[in-house]
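**Q** Take a look at this one; I'll ask things after.
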Amino acid sequence: MDEKKKLTEEVKRYAKSLGVDMVGIAPVERFKNAPLRMSPKGLLPESKSVIVLGIHHLDCAVELGGYPTPHDIGPYGTQSSVMNPMLDDFAFKVARFLEDKGYKTLPIPVTNIWRYNPYKDLDVSFAPDLAHRYAAVAAGLGEIGWSGLFLSSEFGPRQRIISIITEVELIPDPMYEGEKLCDKCMECVKHCPTDAFRKEVKKINKIEIGNKIFEFPDTNKWRCAWAENFALNLSLPIPDKVDEKVILENLEKYGKRGGEEGCCLKYCMVKEKRYYQLNYTDAPRRKKEITKKADVIKEEILKMVQDEFVDVIAIATVEKFEDSHFFHPEFHLPDAQTVISIGIKIENETLEISSAVRRTIDFLSYKISHLLDVSGYSSITSGNVPHLTIGQKLTGKLKNYYFSTILTSAKISEFNWEKRTNKKKLKKEDIKNFCLEQKVDIVRFFTTSRYENFMKKIESYFSDIYYEIEDKGGIQSAFVPEIKEKKIEIKKVSDYLEEGKSVIAIGLHFPDACLDTAKITPAETVGPYAYAQYETIFLLRDIGLNVVKFLQNNGYKATLKESITGFYSFVKNSRGYLPDMRTGNIEAFLSGAGYIGENGVIITEKFGQRQRFIFIITDADFENDPLYNGENFCKKCSHPCITSCPTKAIKKGNTILKFEGREFKLPDLDIYRCDWAKRYGLSGKEGPSFYGIEPNVSIPTKITPEKIAECLINTKWGVQKLHINICEECIRNCSYKGEKNGK
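Every letter in the sequence shown is one number past the one before it in numbering that gives the first Met the number 0, and letter 542, counting from 1, is 541.
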């Protein structure tokens, strides 16, 4: 087998092992008609292939969501709560899979990171970095329908798609050549609540992909996005012409009603799979056959649960709720036969743990529902279900538990299972091996006493008071600042876990191409870097939770934090304000993972600044790893991190101290100047300019909270306000890229 074929099969096999329903590969030549700024070559000039992954919408989530109005999303909410972040996970992992083999690879975020308005020569509104629906066609997975949605022969429009661009040449899949998937039934046109397929249609698009032509209306995306993106009430009179100005005026006047389930998706199904059951839903249902018996699925579900850190599972028939006053399964799934509840117990809870538990339990619930769905049964999860009450009734557990519920038409025999703790004295090597199994890149240890001794040495480094500017305005409206005083109190390990003796530092490297392409390729985008930041945080929380549960299941106490000191700032991102890259720098230094660079970011020998960290505090007694004693690459450097900072936030002087016989530096930073750019987006060069937003404010000699607030008010953010992403110049311009990149 030649190398190209072998690698192609490896990539597909790995993607399938993650849980995707479809994977296809397109050569970049099939994107020749895409605008350069939205093309593989525009994003990664060396690109040769695009890998496209897809996962299936739960059929009943689509069919039963959107009642009584499209705003009432119900079980369809799994799209944003599970499917999108799950696809982001998959793309990141596939990118790392190829990068670890030596190939530049750029994952593209699944959704939301886009330019609302045309940018320079790109005359496109709502422009993502890459249109995944077109990429799916180019990868041979299906066609574009009259609705403009991607259609596959198996699921119709009921899948979500993500793409990964790579420099390696893989064997492409042939273009889809089956029966035409869209029969122009026009249900998308009839049911569109904004009438976007008839009003303000500019022309009929003729899109050529892989020598095939697809025709569909060129709709006004502002009209289409009335509720889906901007959450405006669909009962409002929608003007004949909708643009950003109209959207902003209506948001100011009426506020938000809520998002919607897209009716073009809900009422679409390919002809071969379409049938109606009007006493169930007025939307078309998807034909499928039962391929597995319920008892077989039950065993698979139990294995899935036992492989995860789930503490309890209960399976009950719907008769268990016949006399219930709080839950009627048939209200949520008309043909429900079985209720499944899964629970995770958490003690010593932190924000990081609660975030990770919610993701873990929601993902697993979707996977169970998905297994039932593709096996031929009706199934939903989430929606308007009282998860905690159901879990308590079926398992008898309540305190410190998170629960999720799955409903299905499969009649599964009743069952209760609870994980038992297996107390075992753990060594550092046990923890390290477990972490490496979780696919982290760095595992290091330090003691509480080392932390306390170090913090005493540098306590004068921290100011007493910091002022934060909170936005009391809407996410897509004018900035309404409120200045809040924050007293800086450096935290102790015991503030999180009274018996804490040791800290485990775990680090995860993000794909190099996400940083190396930021702002400088023809796409001029920050999107993949912004995606790498939030995705690394989410994956680290997931892995950190697994380590916490591993310790707890062996009789130890543990909790999870992104920073123990509590002293860090934030960076603006489409996923909200994220902990900045300096978060956990002191803790990572104390673990011996690396040293603190001139810009305050931890630098490791292998990856440079291209990783993030999270920390597990435990009462297990692990000794210190040695402090970093390798080369300080900043000493040979001309310090582009300092010279490239648009606000001159990094001062050339450093605080030089000694600790445990080693000399180290703490950078001298002006936090307000740094936050001006990265937290508040008031420097176009850091990110806003690449979305067509120019703050147009001169940087004052002295930056005060009042000055920041004034400039935030005076900047015209428009609807782009929510989706402005930052790539810090001090990080982008760092000349040390790590040993794996040849330094």
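For glycine and all other residues, C-beta sits at the position ideal for the given N, C-alpha and C.
Determine the extent of the alpha helix (DSSP H) in which N421 is found, giving its start and end residues.
**A** Taken as a continuous stretch (DSSP letters only), N421 belongs to no alpha helix (DSSP H), as it is neither H nor E.
**Q** Could you tell me the alpha carbon to alpha carbon distance between L150 and R132, rounded to whole angstroms?
**A** Going from the Cα of L150 to the Cα of R132 covers about 9 Å.
**Q** Relative to the alpha-carbon of A282, which residue among K650, L63, L17 has its alpha-carbon at the smallest distance?
**A** Comparing Cα positions, the closest option is L63.
**Q** Along the chain, where does the alpha helix (DSSP H) that runs through V123 open and close?
**A** First-last for V123: undefined, no H or E at that position.
**Q** State the beta-bridge partners of T185 as determined by DSSP.
**A** It should be pointed out that residue 185 corresponds to Met in this sequence rather than to Thr. None; M185 has no bridge partner.
**Q** How is the alpha helix (DSSP H) around S643 delimited, first residue to last?
**A** That run of the alpha helix (DSSP H) goes 639-643.
**Q** Y671 and T703 - do their beta-carbons sit closer together than 9 Å?
**A** Going by C-beta atoms, T703 is nearer than 9 Å to Y671.
**Q** Please state if the CB of E259 and the CB of T77 are separated by a distance shorter than 9 Å.
**A** Their beta carbons are not under 9 Å apart, which means T77 does not touch E259 by this criterion.
**Q** From E685 to M85, what distance separates their C-alpha atoms?
**A** Taking the straight line from one Cα to the other gives about 28 Å.
**Q** May I have a chain-ordered list of the beta strand (DSSP E) segments no shorter than 3 residues that lie completely inside the stretch 417-486?
**A** Fully enclosed beta strand (DSSP E) runs of 3 or longer: 441-446, 464-470, 480-486.
**Q** Is the stretch 379-395 touching the stretch 326-343, taking contact as three or more C-beta pairs under 8 Å?
**A** Touching, yes.
**Q** Quick one: give me the first and last residue of the alpha helix (DSSP H) that A224 is part of.
**A** A224 -> alpha helix (DSSP H) spans 220-227.
**Q** Can you check which of these residues, A94, P39, G41, is closest to K11 by C-alpha distance?
**A** The option with the nearest alpha carbon to K11 is A94.
**Q** What is the DSSP secondary structure of D281, counted as helix, strand or coil?
**A** If DSSP states are grouped into helix, strand and coil, D281 belongs with the strands.
**Q** Using the beta-carbon count (16 or more within 10 Å), is S462 buried or exposed?
**A** So S462 counts as exposed.
**Q** Measuring alpha carbon to alpha carbon, tell me which of I345, D182, C181, S476 ends up nearest Q719.
**A** The shortest C-alpha separation from Q719 is found at S476.
**Q** With distances taken from CA atoms, which of F569, K40, E243 is nearest F125?
**A** Considering only alpha carbons, the answer is E243.
**Q** Q158 lies in the beta strand (DSSP E); which residues open and close that run?
**A** Unbroken beta strand (DSSP E) run through Q158: 158-165.
**Q** Which same chain residues end up closer than 7 Å to P763 when comparing Cβ atoms and leaving out the 5 residues on each side of it in sequence?
**A** The first residue shown for the chain is 0 and the last is 742, placing residue 763 beyond what the model contains.
**Q** Classify P192: buried if its beta carbon has 16 or more other beta carbons within 10 angstroms, exposed otherwise.
**A** Classification for P192: buried.
**Q** Report the residue from E348, F30, D182 whose alpha carbon sits nearest the alpha carbon of K270.
**A** Residue D182 is the option with its Cα nearest to K270.
**Q** From E227 to G261, what distance separates their C-alpha atoms?
**A** Approximately 7 Å, taken between the alpha carbons.
**Q** Go to D667, then tell me how far its beta strand (DSSP E) extends in each direction, as first and last residue.
**A** Its beta strand (DSSP E) spans residues 661-668.
**Q** From which residue to which residue does the alpha helix (DSSP H) around F588 run?
**A** Where F588 is concerned, the enclosing alpha helix (DSSP H) stretches over 584-590.
**Q** My parser needs the beta strand (DSSP E) runs of 3 or more residues fully inside the stretch 34-90; what are they?
**A** Counting only runs of 3 or more, we get 48-55.
**Q** May I ask you to verify whether the stretch 301-310 touches the stretch 539-556, counting CB pairs closer than 8 Å and requiring at least 3?
**A** Flag = yes, the stretch 301-310 and the stretch 539-556 touch.
**Q** When you compare only the Cα positions, how much space is there between D677 and S568?
**A** The sequence shown places Lys at residue 677, not Asp. Answer to the nearest angstrom: the Cα atoms are 9 Å apart.
**Q** Could you check which residue in K438, A512, Y528 has the C-alpha nearest to that of L538?
**A** Considering only alpha carbons, the answer is K438.
**Q** Within the same chain, show all residues whose beta-carbon is closer than 8 Å to that of K762, passing over the 5 residues directly before and after it, in chain order.
**A** No answer is possible for residue 762: it lies beyond the span of the chain, which begins at 0 and ends at 742.
**Q** May I ask you to report which of helix, strand or coil DSSP gives S688?
**A** Reduced to three states, the DSSP call for S688 is helix.
**Q** What residue does the alpha helix (DSSP H) around L180 start on, and which one ends it?
**A** Taken as a continuous stretch (DSSP letters only), L180 belongs to no alpha helix (DSSP H), as it is neither H nor E.
**Q** Thinking C-alpha only, which one of G607, N732, I72 is nearest K265?
**A** Comparing Cα-Cα distances from K265 to each of G607, N732, I72, the minimum goes to I72.
**Q** What are the start and end residues of the beta strand (DSSP E) that includes H508?
**A** 501-508 is the extent of the beta strand (DSSP E) around H508.
**Q** Just mark L371 as buried or exposed, buried being the case when its beta carbon has 16 or more other beta carbons within 10 Å.
**A** That one is buried.
**Q** Helix, strand or coil, according to DSSP, for I730 in the structure here?
**A** If DSSP states are grouped into helix, strand and coil, I730 belongs with the helices.
**Q** Where does E28 sit, in a helix, a strand or coil, going by DSSP?
**A** In the structure shown, E28 sits in a helix (DSSP, three-state: H, G or I).
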